[in-house]
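Taking it in order: structure first as structure tokens, then the write-up.
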Ligand SMILES: NC(=O)c1ccc[n+]([C@@H]2O[C@H](COP(=O)([O-])OP(=O)(O)OC[C@H]3O[C@@H](n4cnc5c(N)ncnc54)[C@H](O)[C@@H]3O)[C@@H](O)[C@H]2O)c1
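In the working numbering, the protein residues as written are 4 to 444.
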């Protein structure tokens with residue numbers, strides 16, 4: 004099929020590359036001229052495992068193109084995927100300005116039947132807004148009889164595993180009120196579910212829009228639940244690792260998203276849960292569980308920072324240096340949006356603590372937010388030189404089996420704050436460290 008992807012970020016690039024990999028003809032459009040220039044030159048503006056190979060191969064085989072020319076992308080395609088960002092607005096709701104701007108551009112460009120696909124995460128009712136904006140623009144051009152359809156096709160990929168998630172989705176959600184469009188989408192996605200037999204779920208547009216928010220809010224709630232219990236474990240002397248194993252082996256609960264840590268972050272969970280709350284508030288209905296999930300998450304980041312600050316309470320904090328391992332919101336990405344590491348670092352800096360940070364992929368993005376208030380190290384061990392403590396905030400694999408003797412020799416005082424529970428407490432203590440984790444008593 005001929006496909007136009009509008010917005011070449013984490014979702015747009017993966018969607019474009021994976022659809023091209025299945026043999027579709029894909030044009031990716033973005034308003035960011037620098038990004039498109041990079042992509043045209045064969046460079047990838049984000050870090051996502053496997054993405055570079057996929058883009059290179061499909062560009063070489065002339066199934067994947069990049070442009071800033073909306074008209075070119077849209078006019079050559081049957082399906083136009085909207086993959087632009089929907090960040091948080093000042094009142095917590097989703098800022099739809101990019102989605103609606105793209106809708107206007109589509110209305111200004113199309114000259115024949117198109118299917119417009121909302122892949123961005125958007126509040127219920129947005130597809131109707133997109134439809135009416137396109138219809139208004141067509142009216143203004145005297146093309147009111149030109150037909151088009153709107154589909155909601157929310158995306159569930161996880162950064163760091165995005166290619167695999169896209170190529171083998173656990174389910175595909177198609178929101179449409181049109182049987183013919185549903186068939187086109189079943190055809191488009193059938194190669195992706197051929198071996199897994201996972202379902203393509205067709206539903207009405209509003210249900211599809213809500214399913215994405217419902218999924219994220221539920222997963223975020225699981226994370227906040229285990230984090231809340233981890234604090235209780237610290238107070239009771241219980242071990243959250245045992246508790247989560249005991250809970251997670253119950254098939255009704257399941258083991259995933261039950262890892263205690265410094266709170267959830269990223270470009271989705273925090274903003275999506277707040278957008279869902281905002282949607283519901285406008286209708287006079289409080290989402291009590293979602294509100295608690297969001298509050299608990301804020302508290303969790305403060306809890307980690309407080310653990311660190313409490314340890315040095317008798318010292319002059321201006322002389323305390325903390326090495327931070329991990330700046331991204333999760334491993335295997337360069338994305339630092341709403342990363343707990345950034346909030347924790349901000350609290351520490353506010354109290355005068357000096358930070359030496361290392362992250363395998365996230366330093367450039369973190370620099371844009373933290374600037375020169377932090378010293379950035381070239382590798383994980385360089386961050387430790389002269390440090391009074393090590394805070395592990397993101398569970399990159401390379402932090403999981405570190406050389407404890409080397410760490411000991413580099414640090415000024417051997418203290419580790421392991422906010423992901425990735426190290427073995429007995430082993431770390433046996434190497435002479437004072438060791439704190441989350442919820443392990
Ligand atoms: N990142 C994820 O893991 C993920 C997963 C599922 C869903 N989502 C949702 O997908 C959407 C996109 O997320 P993302 O992380 O890919 O965002 P992103 O910020 O990485 O990328 C958005 C892209 O859209 C471009 N853009 C913005 N306005 C534009 C316009 N008017 N015309 C053309 N291009 C424009 C930007 O230049 C940027 O390249 C969001 O709604 C997000 O919530 C994200």
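Every residue, glycine too, gets a C-beta built ideally from N, C-alpha and C.
Residue 259 is classed as exposed because its beta carbon has fewer than 16 other beta carbons within 10 Å across all chains shown. The alpha-carbon separation between residue 321 and residue 311 amounts to approximately 14 Å. Annotation: the continuous beta strand (DSSP E) that includes residue 394 extends over 392 to 395. Its Cα nearest to that of residue 392, the residue 417 stands out among 417, 290, 368 and 151. Counting only runs of 4 or more residues that sit fully inside the region 40 to 124, the alpha helix (DSSP H) segments are 54 to 63, 73 to 78 and 100 to 112, in chain order. Residue nearest to residue 128 within the set 255, 279, 199 and 368 is 279 (criterion: CA-CA distance). Closer than 7 Å to some heavy atom of ligand 1: that describes the Cβ of residue 160.
Just so you know, the alpha carbons of residue 93 and residue 307 end up roughly 27 Å apart.
For residue 303, the closest C-alpha among the options 203, 264, 199 and 287 is that of 264. Measuring C-alpha to C-alpha distances from residue 230 to each of 443, 400, 75 and 216 identifies 443 as the nearest. Under DSSP, residue 379 forms a beta bridge with 360.
Per DSSP, residue 178 lies in no alpha helix (DSSP H) segment; the continuous beta strand (DSSP E) that holds it begins and ends at 175 to 178. Beta bridge pairing from DSSP links residue 7 with 30 and 83.
Judged by DSSP in its simplified three-state form, residue 384 adopts coil rather than helix or strand.
Taken in chain order, the complete beta strand (DSSP E) segments of 3 or more residues contained in the region 209 to 251 number zero; there are none. Between the alpha carbons of residue 201 and residue 158 lies a gap of roughly 15 Å.
Here residue 331 really is in contact with residue 397; their C-beta atoms are around 5 Å apart, less than 8 Å. Remark: the shortest separation between the CB of residue 123 and any heavy atom of ligand 1 falls under 7 Å.
Remark: the C-beta of residue 104 is in contact range of ligand 1, defined as less than 7 Å to any heavy atom. Between the alpha carbons of residue 115 and residue 184 lies a gap of roughly 15 Å. In terms of Cα proximity to residue 406, the closest of 199, 427 and 25 is 427.
Around the beta carbon of residue 346, 16 or more other beta carbons lie within 10 angstroms, which makes this residue buried. Uninterrupted beta strand (DSSP E) stretches at least 3 residues long and entirely within the region 267 to 342 occur at 324 to 328, given in chain order.
The closest CA to that of residue 419, considering only 441, 400 and 399, is found on 441. In the three-state reduction of the DSSP assignment, residue 347 falls in the helix class. Going by beta carbons, residue 361 and residue 342 fall outside the 8 Å limit. Going by beta carbons, residue 124 and residue 215 fall inside the 8 Å limit. Relative to the non-hydrogen atoms of ligand 1, the Cβ of residue 208 never comes closer than 7 Å to any of them. Burial state of residue 108 is buried, judged by a 10 Å Cβ sphere holding 16 or more other Cβ atoms. The beta carbon of residue 422 is closer than 7 Å to those of 264, 265, 307, 394, 395, 396 and 441 in its chain, skipping five residues each way along the sequence. In terms of side-chain proximity, the C-beta atom of residue 9 is found nearer than 7 Å to a non-hydrogen atom of ligand 1. Looking at 27, 8, 60 and 24, the one whose alpha-carbon comes closest to that of residue 39 is 8. When secondary structure is reduced to three states using DSSP, residue 441 falls in the coil class, being assigned neither helix nor strand.
In this structure, the alpha-carbon of residue 80 lies about 11 Å from that of residue 73. When secondary structure is reduced to three states using DSSP, residue 421 falls in the strand class. The beta carbon of residue 38 sits closer than 7 Å to at least one heavy atom of ligand 1.
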